[in-house]
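**Student:** Sharing a structure below in structure tokens format, with a few things to ask.
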Amino acid sequence: MKRIYAFNEGHADMKALLGGKGANLAEMTHLGLPVPQGFTITTQACLEFLESNNTLLDELKDEISLAVAQLEDKTGKRFNDAENLLLVSVRSGAKFSMPGMMDTILNLGLNDQNVEKLAKLINNQRFAYDCYRRLLQMFANVVYEIDMKHFDRILEQKKKEKHIQYDYDLSADDLQSIIIDYKNVYQQELGFEFPQNVFDQIHEAVKAVFKSWNNHRAIVYRKLNHIPDDLGTAVNIQEMVFGNMSENSGTGVLFTRNPANGEANLYGEYLTNAQGEDVVAGIRTPASINRLKDQFPNIYQEILQYTQKLEKHYHDMQDMEFTIENGKLFILQTRNGKRTAQAAVKIAVDLVQEGILTPQQALLTIDCQSLNTLLHPAFDPSSLEQASLISSMGLPASPGAATGEIVFTADRAKELADQDHSVILVRHETSPEDIVGMHSSKAIVTSQGGMTSHAAVVARGMGKCCVAGCSELEINEDKKTLTYPGGQLNEGDIISADGSTGKLYLGEIKTIATGKNDYFDQVMEWARQYADMEVRMNAETVNDIKTGLQFKANGIGLVRTEHMFFEAQRLIAIRQFLLAKDEPARQTALETIRHFQTEDFSNIFDLMEDKAVVIRLLDAPLHEFLPHSHHEIQQVAQDLHLDADELFDRVQAMKEVNPMMGHRGCRMGMTHPGLYIAQSEAIIRAAIKTAQAGHEVKAEIMIPLVSTQGELKSLKEKIKAHLDQILNQEKVSVDYMIGVMIETPRACFIADKLAEDACFFSFGTNDLTQLSFGYSRDDAGKFLNQYIDQGILEHDPFQTIDTSAVKELIALATQKGRSIKNQLKVGVCGELGGDPKSIESFHEIGLSYVSCSPYRVPIAQLAVAQSSIRHQEK
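To convert, note that position 694 of the sequence shown is 694 in UniProt numbering; the numbers rise steadily by one, no gaps.
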């Protein structure tokens, strides 16, 4: 097995083996960009290491020695060579980008002897000692897991002692003193010294990077971003170039387009006389990339040339890292840049208009779930006028607006968020260890760092509001205080953050939805054009239906009629029907139900015009409609003119041990057929009314929770006979269909029998998942996270479809149903209908439509389009 590839041996489509960073370094090498020489140790070698109980195999050590020798030949440099010293960086690089989640070591190869050689070689003692102290610090933290605070304390003490602010103001003598103190940390914390042998350093660094695949923050990141745990990371060993060599040197991070709003301008930051990690670590506030054209105009033009070349080559916006060493530019990394949804839709449209992408390719560049953030709130301008400003000095690192309680640690953020508090995480600067707290927070605020800092990059990827670099804020994490020019705040105080302007405010501010824009509309037009599966909405209120129609939903896939019964007078009617002592009282209740349901359905049909409307007959468990407390029973008895004691006995008799699997759905229709007939009559009378007004109606009546052919056959016959009688009496013709909601495993197995009577199928994935696993959706949260953490489940099956069983049940039922009626319309109306990963599965099965909540319709439309495009490409 080949475990190591030189950069000139790989290419871009080898990401699974070389990781994203290694594959792109290889690709840029082939493109002729100025990439420092190096080689990549494969992800397979990582998996081999992990399977060997974190042991580097002798074969890999031999291959590393050979690769180092070849690197020395290519660069003309040697480790420990006084004339031309080779130093390397060791960086992780997984198949999927995981910014900041794994580890990096720079300046590897330095030791007590050759640091003096390096100083003489370039006649710059300060530079040589600065490189060495950085290596000592990074190596200790990454390889031996020594807390950075030991080194930070030494560094800050020295700066305080010398009355200087920045690291680069330290003299060579200062740095020599710091190196001695750093080396003492090794003795104090480990009992041994920093390794002086170069190959010992390399082997330990490679082991550390491999092990970082399984560090806590990497595991959490993979879980949040649905990245498999069995991929491993590659390791890139690359010739060092030095941005901290002189004032004519520097390092930076840039995006080829603005990742916040998509504008076609270079976006990024750089530092002079600094190394790469300094930019994202928030140690100094970097300069905007636009200043580079004044400070290094030739370098700026060179960067422009490379950014255009890389965008055209990769067909996407790029996130790049570069270093300038004594006026010479080097490109250290490129990858597809993470971006906000606002930026994603604009970049997609712009790249099509520029001829770089086709519309189909453009759609594949957009993260479906990120579209949620396009509808993220902004602060109401009228409320902003009254708001008290805390800071206007922050950087608008990730758009959106949020209000929450101040917290100063990631753990506290998660703790309060788990208790349904809205929190804003306030930090000097975030680190990868904060990822759980960042995920739990409504917004992130930092006092240090810039637009490409860890906080900014991660917040944009998460779709979180972020204000970075608020330098006028003084944060005391020990005392849990936030001091600003006008006062002081404590943990728990409410603030509001505007990630679109970089401003912070006191207290809570009203928010408004930002809405759509022309780029969003264009993307969604393309999505609908290339989708080959309908997207409907789950809706029954006027507002929800109007929202879904604005997003051009293809119809309504689920009207939950039980939601229409909880207004006071309607609740009385359904209770009267269920609890009536005699038939006349029950018929009176049914007439009331018929009346208001006819009005409900008429409003829906008027809004939907010629689009399909699937109306589910009453499905809720009986207990949801019954009074429970003594006071409620007294009130209901009075409303229904019943004796309270008798009513109490009736309610007790109707109680169920497991109501979600009890007297609900079609079972209630079987025992109380008048209710389903009344609802169906209301549907058909509303349809007649709308049809007589000149509109086409597509009414689809759905019978829920069917488990036997007899249930469906019996109810369908009763409903159809009643409706046909009405249509004959009214002498009108209205098309309607009667279908079945499949929610039980048994229904899946007898789907061919059900298809004999059903005009359509719709899967209720919530109940189907519950009944397949035997989990209660309301209670499973108590153990599901542990199951996921322990690898028992890959994900929450109520959020993303279980492909091992639930998907197979749906596929089986679809195949059986279509074996009887090959044009049978089959859809999904549960929560999974709006989940992109589940939609991929539904598309593979060949369903006719998915249905989801109105605000998830755009997400579903894009997911369907992407699935359709990928399927066509195959």
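Think of the CB as a built atom: it goes at the ideal place given N, C-alpha and C, for glycine as much as any other residue.
1) Which value, in whole angstroms, describes the spacing of the CA atoms of R777 and V826?
2) Answer yes or no: do D606 and I512 have a C-beta to C-beta separation smaller than 8 Å?
3) Could you check how far apart the C-beta atoms of G463 and A341 are, in whole angstroms? I think they sit under 8 Å.
4) Taking contact to mean at least 3 C-beta pairs separated by less than 8 Å, is the segment 16–30 in contact with the segment 74–84?
5) Assuming A172 and L363 are in contact, meaning their beta carbons sit under 8 Å apart, how far apart are those beta carbons, in whole angstroms?
6) Alpha carbon to alpha carbon, what distance is there between P399 and W213?
7) Quick one: Cα of M654 to Cα of P854, how far?
8) Start and end of the alpha helix (DSSP H) containing D670?
9) Given a threshold of 16 other Cβ atoms within 10 Å of its Cβ, counted over all protein chains shown, does G694 qualify as buried or as exposed?
10) Under three-state DSSP, which class holds M148?
11) Kindly indicate which residue of M668, L793, L715 has the alpha-carbon position closest to the one of D757.
12) Using only the alpha-carbon positions, how far apart do residue 896 and N785 sit?
13) By the 10 Å Cβ neighbour count, where 16 or more other Cβ atoms means buried, how is L236 classified, buried or exposed?
14) Nearest to A539 by alpha carbon, out of L675, V857, L351?
15) What whole-angstrom Cβ distance do N554 and Y849 have, given they're in contact under 8 Å?
16) From what residue to what residue does the beta strand (DSSP E) around R335 run?
17) Looking at the ligand ADP, does it come within less than 7 Å of L363, judged from the CB to the closest heavy atom?
18) Less than 8 Å separating the beta-carbons of L106 and R134?
19) Would F601 be called buried (16 or more neighbouring beta carbons within 10 Å of its own) or exposed?
20) Rounded to the nearest angstrom, how far is the Cβ of T29 from that of I4, given a contact under 8 Å?
21) Does DSSP classify Q488 as helix, strand or coil?
22) Can you name the start and end residues of the alpha helix (DSSP H) that C46 belongs to?
23) Just tell me which of D582, S388, A573 has its CA closest to the CA of L590.
24) For A387 versus Y505, is the C-beta spacing smaller than 8 Å?
25) Whole angstroms are fine: how far does the CA of D169 sit from the CA of F296?
26) Which residues in the same chain have their Cβ closer than 7 Å to the Cβ of G250, if we skip the five residues on either side of it in sequence?
27) What are the boundary residues of the alpha helix (DSSP H) that includes K753?
28) Since I475 and F408 should fall inside the 8 Å C-beta cutoff, what is the C-beta to C-beta distance between them, to a whole number of angstroms?
29) Hey, would you say C465 sits closer than 8 Å to A402, going by beta carbons?
30) Can you tell me whether E395 is buried or exposed, with buried defined as 16 or more other CB within 10 angstroms of its CB?
31) Among L266, T769, R339, which residue has its Cα nearest to the Cα of Y300?
32) Excluding sequence positions up to five away, which residues of its chain have a Cβ less than 8 Å from the Cβ of residue 875?
33) Mark E48 as exposed unless 16 or more other C-beta atoms lie within 10 angstroms of its C-beta, in which case mark it buried.
34) Between the C-alpha atoms of M320 and P34, what's the straight-line distance to the nearest angstrom?
35) Just confirm the distance between the C-beta atoms of T334 and L351, as a whole number of angstroms; I'd bet it's less than 8 Å.
36) How would you call K698, buried or exposed, if buried means at least 16 neighbouring beta carbons within 10 angstroms?
**Tutor:** Looking at the atomic coordinates:
1) On the sequence shown, residue 777 is found 777 positions in, with the first residue counted as 1. On the sequence shown, residue 826 is found 826 positions in, with the first residue counted as 1. R777 and V826: Cα-Cα distance of roughly 24 Å.
2) Within the sequence shown, numbered from 1, the residue matching residue 606 stands at position 606. Within the sequence shown, numbered from 1, the residue matching residue 512 stands at position 512. No, these two residues do not count as a Cβ contact at 8 Å.
3) The residue you call residue 463 lines up with position 463 of the sequence shown. The residue you call residue 341 lines up with position 341 of the sequence shown. Rounded, the Cβ-Cβ distance is 7 Å, consistent with contact.
4) no
5) In the sequence shown, counting from the first residue as 1, residue 172 sits at position 172. In the sequence shown, counting from the first residue as 1, residue 363 sits at position 363. Their Cβ separation, rounded to whole angstroms, is 56 Å, which puts A172 and L363 out of contact at 8 Å.
6) The residue given as residue 213 occupies position 213 in the sequence shown. The residue given as residue 399 occupies position 399 in the sequence shown. Whole-angstrom Cα-Cα distance: 30 Å.
7) Reading the sequence shown from its first residue, position 654 is the one you call residue 654. Reading the sequence shown from its first residue, position 854 is the one you call residue 854. Cα-Cα distance, rounded: 35 Å.
8) Within the sequence shown, numbered from 1, the residue matching residue 670 stands at position 670. Inspection of the sequence shows that residue 670 is occupied by Met rather than by Asp. Its alpha helix (DSSP H) spans residues 666–671.
9) Counted from its first residue, the sequence shown places residue 694 at position 694. Exposed, since its Cβ has fewer than 16 Cβ neighbours within 10 Å.
10) Residue mapping note: residue 148 aligns to position 148 of the sequence shown, counting from 1. In this structure, M148 counts as coil in the three-state DSSP scheme.
11) For the purposes of this step, residue 757 is taken as residue 757 along the sequence shown, with counting starting at 1. Minimum Cα distance to D757 is reached at L715.
12) Residue 896 falls outside the range modelled here, since the chain spans only 1 to 874, and no answer is possible.
13) For the purposes of this step, residue 236 is taken as the residue at position 236 of the sequence shown. Just to set this straight, residue 236 is Asn in the shown sequence, not Leu. Buried is the call here.
14) Residue 539 sits at position 539 when you count from the first residue of the sequence shown. If we check each option's Cα against that of A539, V857 comes out closest.
15) To locate residue 554, count along the sequence shown from 1; it is residue 554. To locate residue 849, count along the sequence shown from 1; it is residue 849. With 8 Å as the limit, N554 and Y849 qualify as a contact, their Cβ atoms being about 7 Å apart.
16) Along the sequence shown, read from residue 1 onward, the residue named residue 335 stands at position 335. Element bounds for R335: 328–336.
17) Questions concerning the ligand ADP fall outside what the structure shown contains, since it holds no ligand whatsoever.
18) Counting from 1 along the sequence shown, the entry for residue 106 is found at position 106. Counting from 1 along the sequence shown, the entry for residue 134 is found at position 134. Cβ distance < 8 Å, so L106 and R134 count as in contact.
19) Counting from 1 along the sequence shown, the entry for residue 601 is found at position 601. That one is buried.
20) Translated into positions along the sequence shown, residue 29 becomes position 29. Translated into positions along the sequence shown, residue 4 becomes position 4. Going by Cβ atoms, the distance from T29 to I4 rounds to 15 Å, so no, they are not a contact pair.
21) To locate residue 488, count along the sequence shown from 1; it is residue 488. The answer is strand: DSSP assigns Q488 an E or B state.
22) If you number the sequence shown from 1, residue 46 lands on position 46. Note, C46: alpha helix (DSSP H), 43–51.
23) Locating residue 590 in the sequence shown gives position 590, where the first residue counts as 1. Minimum Cα distance to L590 is reached at A573.
24) Translated into positions along the sequence shown, residue 387 becomes position 387. Translated into positions along the sequence shown, residue 505 becomes position 505. Their beta carbons are under 8 Å apart, which means A387 touches Y505 by this criterion.
25) Locating residue 296 in the sequence shown gives position 296, where the first residue counts as 1. Locating residue 169 in the sequence shown gives position 169, where the first residue counts as 1. Rounded to the nearest angstrom, the two C-alpha atoms are 22 Å apart.
26) For the purposes of this step, residue 250 is taken as residue 250 along the sequence shown, with counting starting at 1. The residues are G243, Y270, L271, T272, N273, A274, I324.
27) On the sequence shown, position 753 is the one that residue 753 refers to. That run of the alpha helix (DSSP H) goes 751–755.
28) Position 475 of the sequence shown holds residue 475. Position 408 of the sequence shown holds residue 408. About 7 Å separates the two Cβ atoms, so the contact holds.
29) Start at 1 with the first residue of the sequence shown, and residue 465 comes out as number 465. Start at 1 with the first residue of the sequence shown, and residue 402 comes out as number 402. Yes. Within cutoff.
30) If you number the sequence shown from 1, residue 395 lands on position 395. Note that residue 395 is Leu in the sequence shown here, rather than Glu. By the 10 Å Cβ count, L395 comes out buried.
31) The residue you call residue 300 lines up with position 300 of the sequence shown. For Y300, the nearest C-alpha among the options comes from L266.
32) Nothing about residue 875 can be read from this structure; the chain reaches only from 1 to 874.
33) As a working note, residue 48 is residue 48 in the sequence shown. Classification of E48: buried, given that the 10 Å Cβ count is 16 or more.
34) One-based indexing of the sequence shown puts residue 320 at position 320. One-based indexing of the sequence shown puts residue 34 at position 34. Near 13 Å, if we compare the C-alpha coordinates of P34 and M320.
35) Within the sequence shown, residue 334 is the residue found at index 334, counting from 1. Within the sequence shown, residue 351 is the residue found at index 351, counting from 1. So it is not a contact: roughly 16 Å between Cβ atoms.
36) Here residue 698 is taken as the residue at index 698 of the sequence shown, counted from 1. It is buried - the Cβ of K698 has at least 16 other Cβ atoms within 10 Å.
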